[in-house]
Every structure is written in structure tokens, then in C-alpha cells.
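Going by this note's numbering, the letters in the sequence shown line up with residues 24 to 377, in that order. For reference, the structure discussed in these notes is given below.
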Amino acid sequence: MKKLLKMAKAAVAGALTFIIAAGAAACSSPLDEKVTPVAKADFRVTAYMVGDRFLNPADIDDSHFDQVTDFIFMGMADFNTAGEIVLSKDFETAYNNIAPYLPADANFYINLLGPKSTLQTEDWNAQMEEQGKLHTQAFQSGVLEQNIKDLLDTYGFDGVYFDYEYPINQENWDAFNAFIISLDSCLGEDYKIGMAMSDWDLGQSEEAMAATDFIEIMAYDNWDKNGNHAPYENAEKSIEALLKKGYERSKLTLGLPFYARPTTEEAYWYDYKSYCDRIDENGLFVDTEDTGLTFSFNTYDLIRQKTELAVNCGLGGVMVWHYACDAPADHPASLFNAIEDGINTAYAQEESAQ
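Written as C-alpha cells, this is what we have:
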């Protein structure tokens with residue numbers, strides 16, 4: 024998988040056209056610019072709410088709901104090639120279990136996933152090519168925009184998010200861009216449009232960028248040379264890439280992983296709450312009972328530091344993947360508490376510097 028992903032990134036870089044200004048290597052980074060943070064009251068703390076974690080009311084930890092400003096309901100709705108919205112059989116159950124806990128001033132969004140490739144191959148690029156064709160059919164169906172609006176109207180969502188992983192050629196991006204522009208026209212000012220993006224696949228046109236309200240930076244599922252998952256430096260790199268692309272700082276939301284990946288990059292994901300009492304000061308946990316692998320978590324301090332980075336870079340907020348992975352609010356190592364700590368620290372420093 025690691026090799027396939029590297030090949031995929033190379034394919035994307037080869038398929039999209041980038042203009043690199045002469046002498047760019049000598050230019051200062053946009054991270055070095057002194058910027059004014061967004062107002063503290065406007066700083067978003069966004070959390071993905073994976074629907075199947077909210078099917079049993081007894082399992083719901085509501086202790087962090089008041090620390091979140093924006094909720095994204097995930098994994099319960101798709102669209103097909105005909106542009107129809109397909110709801111999971113558990114959609115209503117999860118929706119009804121989450122809704123009562125939402126703060127009155129919170130925003131509640133629906134995430135829509137598109138059709139997946141059914142090719143029986145391990146060739147990642149072939150799968151993405153097929154998935155791109157299926158998505159394009161949906162985007163060009165002529166009905167998906169209105170069907171999304173009807174869904175938002177019916178359930179009272181504040182907007183829609185997309186997690187399209189990944190459009191790997193310009194044709195895919197052209198179809199997606201045209202759709203986002205059309206969707207924005209259909210939804211008007213009543214609803215917001217957001218999407219998750221990685222720094223190595225930035226194919227939005229200027230018009231589509233303008234039509235998109237929020238960008239969730241997937242600054243995770245990457246490693247440093249020592250095998251640390253989602254290190255601070257990679258968060259900086261991701262932010263820098265999107266700023267250089269031309270995104271407004273206030274639209275960007277820095278993704279924070281509430282889960283671990285193996286230092287050797289195998290396809291395992293461990294949630295933070297199950298292991299937070301067993302990780303060392305560097306965020307490492309050695310799984311001697313099952314896989315034998317060493318897992319790398321973002322610690323309380325690292326999440327706090329990344330949150331401060333987001334504030335100081337003038338970003339619109341931070342995003343959590345995902346809500347149900349954190350320890351309860353009364354746990355001293357809760358990562359939502361680390362976010363709150365980072366927000367308060369960064370804004371206090373900003374105020375004292377004025």
C-alpha cells in the first residue's frame with residue numbers, strides 16, 4: 024500500500040500542471056508572514072461524527088459536545104452515479120441519537136461519499152481512475168445538486184461536505200470543479216460547502232476555490248523519517264501548500280488525528296481513547312499483544328501545539344478525525360481539552376503582544 028500511495032502521488036503530480044515561479048526556493052514561506060488570527064469566537068473546532076459510533080445511546084460520550092463548534096455527520100449517506108442520495112439504513116437512528124446533544128449555536132453538516140470503484144485489482148491508480156469516472160457521471164447527472172439541497176432542507180443541515188479521495192487527473196478535477204460551482208449556485212447563501220483535501224492533490228480551479236467555504240486539511244496518514252505519524256512539521260508543510268495554492272486562511276481548517284498509525288505504515292488505525300494511558304511521552308505504543316507493531320499517536324502536547332499553529336497562521340480552525348476517538352473530558356489527557364488549551368494559550372499570547 025505504501026508503494027502504491029507513493030505511485031499515486033507521483034501520478035497526480037504528473038497529471039496536474041503546476042507553475043513554479045523562478046527563484047521560488049528563495050522565497051519566504053507564507054508561514055513566516057505575521058498575520059492577525061481570526062476572532063477567537065470565530066475559530067472553528069470541527070469534529071467528524073462517524074455514524075456507526077452513535078447507534079447505541081448508552082455508548083455516546085457527550086462530554087465534548089460543548090467544545091465543538093461544527094459537527095460533520097459522516098458515513099451515513101452517499102450519492103450514486105445517477106445523482107441520487109442513498110441513505111444508510113442506520114441514518115435515522117444515528118441522526119436522532121446525535122441531534123439532541125448538539126449545542127444550539129453549533130453547525131451541523133452532512134458528509135456525502137460518492138461511488139467507489141468495484142475493480143478487482145490492487146492497482147491503486149486503476150481504482151482511482153474508475154472511481155473518477157463514476158464520480159463524473161454523478162457530477163454530470165444534472166440532478167445531484169437539487170437532491171443535495173433537498174436533503175439539507177429535509178434534515179436541517181447547515182451544509183454539505185465532500186471527502187473525494189482522490190481525483191487523480193485533470194479530467195476528474197474539471198468535473199468536480201464544475202459541479203462545485205453549480206452546487207454553490209443551487210444552494211445560494213443558505214448553505215455552506217466544505218471538503219477534505221490533501222496537500223499533494225490540489226486541483227481546484229480559482230472559481231471552485233471561491234465556491235468552497237471550508238477546506239479540511241488532511242494533515243495525517245503521513246510520517247517523518249523516524250516513523251512518527253502526522254508530526255508537527257508535516258502540519259506546517261500541509262498548511263504552506265494550501266496557502267501557496269491561494270486559499271484564504273480563514274477557509275482552512277487543520278486536521279488533527281485522534282488515532283494512531285504504525286511507524287512502519289501498515290494499514291492499522293488505533294483510536295486514542297483505548298490507548299492514551301499506555302503511550303509514552305513521545306506518543307508511542309508498542310502492541311505486544313496483537314500486531315507486534317509500534318503505533319504513533321499525537322500526544323496532548325502535540326495537539327495543543329498544532330492548535331496554536333492554526334491560530335497563529337490565521338487559519339479558520341482545527342478539525343478532528345474523529346469525535347468518538349477521544350478520552351472523556353474528565354480524563355487529564357483528553358485531546359479536545361488539548362485543543363481548548365491551545366486556543367486559550369494562543370489567543371492570550373496574541374492579546375498580550377498587542
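By construction, the Cβ of each residue, glycine as well, lies at the ideal position given by its N, Cα and C atoms.
Three-state class that DSSP yields for residue i in the structure shown
i, result
"Ala-47", "Low per-residue confidence applies at Ala-47: pLDDT is 37, beneath 50, and the placement is therefore not dependable, though the value from the model is reported in the following sentence. Three-state DSSP puts Ala-47 in a helix."
"Lys-215", "strand"
"Leu-307", "strand"
"Ala-62", "coil"
"Ala-283", "strand"
"Ile-171", "helix"
"Tyr-189", "coil"
"Thr-75", "Note that residue 75 corresponds to Asp in the displayed sequence, not to Thr. Looking at Asp-75 - three-state DSSP - the assignment turns out to be helix."
"Asp-55", "helix"
"Ile-95", "strand"
"Ser-208", "helix"
"Pro-80", "helix"
"Glu-194", "helix"
"Ala-38", "Any reading at Ala-38 needs caution, since the residue's pLDDT is 46, under 50, leaving its predicted position unreliable; the model's value is listed next. DSSP places Ala-38 in helix when its eight states are reduced to three."
"Ala-352", "coil"
"Gln-90", "helix"
"Asp-224", "coil"
"Asp-387", "Here the chain has residues from 24 to 377 only, and residue 387 is not among them."
"Thr-177", "helix"
"Ala-385", "As displayed, the chain neither begins before 24 nor continues past 377, which places residue 385 out of reach and without an answer."
Residue span of the alpha helix (DSSP H) that contains residue i, given as start and end
i, result
"Trp-147", "147-162"
"Tyr-118", "114-121"
"Thr-330", "323-335"
"Thr-368", "358-376"
"Ser-319", "Segment 317-319 is the beta strand (DSSP E) holding Ser-319; no alpha helix (DSSP H) there."
"Leu-110", "Where Leu-110 is concerned, there is no enclosing alpha helix (DSSP H), although the beta strand (DSSP E) it sits in stretches over 108-110."
"Ile-302", "Where Ile-302 is concerned, there is no enclosing alpha helix (DSSP H), given that its DSSP letter is neither H nor E."
"Tyr-255", "255-268"
"Ala-105", "Run containing Ala-105: none; DSSP gives neither H nor E here."
"Glu-230", "229-234"
Whole-angstrom C-beta distance between residue j and residue i, which should lie under 8 Å
i, j, result
"Asn-251", "Ser-319", "5 Å"
"Asn-321", "Ala-264", "Incorrect: roughly 20 Å between the Cβ atoms, too far for contact."
"Phe-180", "Tyr-132", "6 Å"
"Glu-19", "Thr-368", "In this structure the chain extends from 24 to 377, so residue 19 is not present and cannot be described."
"Thr-317", "Leu-307", "6 Å"
"Asp-113", "Met-99", "7 Å"
"Tyr-270", "Met-232", "6 Å"
"Glu-288", "Trp-246", "6 Å"
"Trp-344", "Tyr-243", "7 Å"
"Ala-198", "Thr-141", "With a Cβ gap of about 19 Å, Ala-198 and Thr-141 do not count as contacting."
"Glu-230", "Asn-200", "7 Å"
"Ile-366", "Phe-66", "6 Å"
"Ala-129", "Thr-92", "6 Å"
"Leu-190", "Asp-224", "Checking the sequence shown, residue 190 turns out to be Pro, not Leu. That pair is a contact at about 7 Å."
Identity of the residues DSSP links to residue i by a beta bridge
i, result
"Met-342", "Thr-69, Gly-278"
"Gly-182", "Tyr-132, Lys-215"
"Glu-239", "Ala-219, Thr-276"
"Tyr-293", "Ala-283"
"Trp-246", "His-252"
Cβ-based neighbour list, residue i, same chain, cut-off 8 Å, excluding 5 preceding and 5 following
i, result
"Gly-46", "With a pLDDT of only 39 at Gly-46, under the threshold of 50, the placement of this residue in the model should not be trusted, and no figure is reported."
"Lys-172", "Cys-209, Leu-210, Tyr-214"
"Phe-96", "Met-72, Gly-74, Ala-117, Tyr-118, Ile-121, Phe-131, Tyr-132, Ile-133, Asn-134, Phe-180"
"Ser-164", "Thr-104, Ala-105, Gly-106"
Same chain only: Cβ atoms within 6 Å of residue i, ignoring 5 sequence neighbours per side
i, result
"Pro-80", "Asn-120"
"Trp-292", "Tyr-282"
"Pro-351", "Asp-84, Ser-86"
"Phe-359", "His-87, Gln-90, Asp-349"
"Met-342", "Thr-69, Glu-239, Thr-276, Gly-278"
"Pro-285", "Tyr-291, Leu-316, Phe-318"
"Ala-219", "Asp-186, Glu-239, Met-241"
Extent of the continuous beta strand (DSSP E) run through residue i
i, result
"Asp-101", "100-102"
Own chain partners of residue i with C-beta closer than 7 Å, once the 5 adjacent residues on each side are dropped
i, result
"Leu-136", "Asp-101, Asp-186"
"Cys-348", "Phe-281, Tyr-282, Asp-294, Tyr-295, Lys-296"
"Pro-126", "Phe-88, Asp-89"
"Glu-107", "Asn-170"
"Val-166", "Gly-106"
"Lys-139", "Gln-154"
"Pro-53", "Glu-263, Leu-266, Lys-267"
"Ala-234", "Ile-203, Ile-204, Asp-207, Ile-216"
"Ala-48", "At Ala-48 the pLDDT is 40, less than 50, meaning the model places this residue with poor confidence; the figure from the coordinates comes in the next sentence. Answer for Ala-48: no residue qualifies."
"Asn-335", "Pro-60, Ala-369"
"Ala-258", "Ala-242, Leu-277, Lys-329, Leu-332"
"Ala-371", "none"
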